[in-house]
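Residue numbers for the sequence shown follow the working numbering, beginning at 1361 and rising by one.
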Amino acid sequence: MSDLRSIIYDAGVPVEGHFIFADGDHALIKLEMDTLWHHPKELGIVLDALAVAERLPQPDVILGVPTGGQKLADELVKSGRLSIPIAYLERVPGGTKQDFRFVSKQDEELASAATHIRIYEDVVTTLSSIAGVVKLLNPEQQEIHSLAIWRRGVVKEVYRVGVQDHYLVEEVMPSFAPGICPYPGCKKR
Ligand SMILES: [Zn+2]
């Protein structure tokens, strides 16, 4: 899958700069996956790989982490690459970055009736967002797999409970606690 990595690089997804993530960590590279949407050819190749989802079982329902993962799930269905129902999620207003809920009762019922579930995401750092989705599901009764375009961090085992995580590209990009950020202009030293 190393060719996918170069395709994503060619589309200009990795951006250099000084970034502060939601969890407070700092980084010198950000994966700007939204950029992919301006590169139809590269996006198409990535979507094909997300649809094929090698090694993963066929799901009854797919979900996407709002908003990046859900946008991918949506496009996989709209483009005809997958014909699997989507159970839609939204962020809980005022909640944390990992607080999600089903958009409607219908979405909730769709997800709860499934035996095999696939969760799409664009970029995974610790897997905390996927864990936020798994919280809404029933891992005791359901087989849950996640598939993300890129794993850029080290997954925390606590977030891996009830889900098997998969990636198209795995390349760790360093992030730093604010106190040890090497960016010259970083004010949070
Ligand atoms: Zn910094």
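The C-beta atom is built at its ideal place from N, Cα and C for all residues, glycine as well.
Check your understanding: W1510: buried (16+ other C-beta within 10 angstroms of its C-beta) or exposed?
Key -> Your numbering for residue 1510 matches position 150 in the sequence shown. Looking at its Cβ environment, which holds 16 or more other Cβ atoms inside 10 Å, W1510 is buried.
Review point. Just to confirm, does P1538 get its C-beta within under 7 Å of one of the non-hydrogen atoms of ligand 1?
Key: On the sequence shown, position 178 is the one that residue 1538 refers to. True, at least one ligand heavy atom lies under 7 Å from that Cβ.
Practice item. Could you say which of P1445, L1436, S1535, E1503 lies nearest to P1417 if we only look at CA atoms? Key: Indexing the sequence shown from 1 puts residue 1417 at position 57. Nearest option by C-alpha distance: E1503.
Review point. How many angstroms separate the CA atom of H1399 from the CA atom of E1530?
Key: For the purposes of this step, residue 1399 is identified with residue 39 of the sequence shown, where counting begins at 1. For the purposes of this step, residue 1530 is identified with residue 170 of the sequence shown, where counting begins at 1. For H1399 and E1530, the distance between alpha carbons rounds to 21 Å.
Check your understanding: Can at least three beta-carbon pairs, one atom from the region 1406-1424 and one from the region 1538-1547, be found at a separation below 8 Å?
Key -> No: the two stretches stay apart, fewer than three of their Cβ pairs being nearer than 8 Å.
Check your understanding: Buried or exposed: E1604, going by 16 or more other Cβ atoms within 10 Å of its Cβ?
Key -> Since the first residue shown for the chain is 1361 and the last is 1549, residue 1604 is missing from the structure and cannot be characterised.
Point to revise | Validate contact between the region 1511-1530 and the region 1485-1497 using beta carbons, cut 8 Å, 3 pairs | key: yes
Exercise for review: Mark K1390 as exposed unless 16 or more other C-beta atoms lie within 10 angstroms of its C-beta, in which case mark it buried.
Suggested key: As a position in the sequence shown, residue 1390 is number 30, starting the count at 1. So K1390 counts as buried.
Check your understanding: Do the region 1459-1466 and the region 1440-1449 touch if we need at least three Cβ pairs shorter than 8 Å?
Key -> Flag = yes, the region 1459-1466 and the region 1440-1449 touch.
Check your understanding: Where does the unbroken alpha helix (DSSP H) through Q1466 begin, and where does it stop?
Key -> Here residue 1466 refers to the residue found at position 106 when the sequence shown is read from its first residue. Start and end: 1465-1472.
Point to revise | CA-to-CA distance, V1437 to Q1430, given in whole angstroms | key: Looking up residue 1430 in the sequence shown gives position 70. Looking up residue 1437 in the sequence shown gives position 77. Going by the C-alpha atoms only, they are around 11 Å apart.
Check your understanding: Taking Cβ to Cβ, would you say E1500 is nearer than 8 Å to I1490?
Key -> Along the sequence shown, one-based indexing puts residue 1500 at 140. Along the sequence shown, one-based indexing puts residue 1490 at 130. No. Outside cutoff.
Review point. For I1444, which of helix, strand or coil comes out of DSSP?
Key: To locate residue 1444, count along the sequence shown from 1; it is residue 84. I1444 falls in the coil class under three-state DSSP.
Point to revise | For Q1430, three-class secondary structure by DSSP | key: The residue labelled residue 1430 in the question sits at position 70 within the sequence shown. Reduced to three states, the DSSP call for Q1430 is helix.
Check your understanding: Which word fits R1415, buried or exposed, when buried means at least 16 other C-beta atoms lie within 10 angstroms of its C-beta?
Key -> Taking the first residue of the sequence shown as 1, we reach residue 1415 at position 55. When all chains shown are included, R1415 counts as exposed.
Review point. Is it right to say I1540 is buried, meaning 16 or more other beta carbons lie within 10 angstroms of its own, or is it exposed?
Key: Here residue 1540 corresponds to residue number 180 of the sequence shown, with the count starting at 1. So I1540 ends up on the exposed side.
Point to revise | DSSP-derived helix/strand/coil call for A1508 | key: For the purposes of this step, residue 1508 is taken as residue 148 along the sequence shown, with counting starting at 1. A1508 falls in the strand class under three-state DSSP.
**Study point:** Integer-rounded CB distance, given that G1513 should sit under 8 Å from T1485
**Key:** Walking along the sequence shown from the start, residue 1485 turns up at place 125. Walking along the sequence shown from the start, residue 1513 turns up at place 153. Rounded to the nearest angstrom, the Cβ distance from T1485 to G1513 is 4 Å, consistent with a contact under 8 Å.
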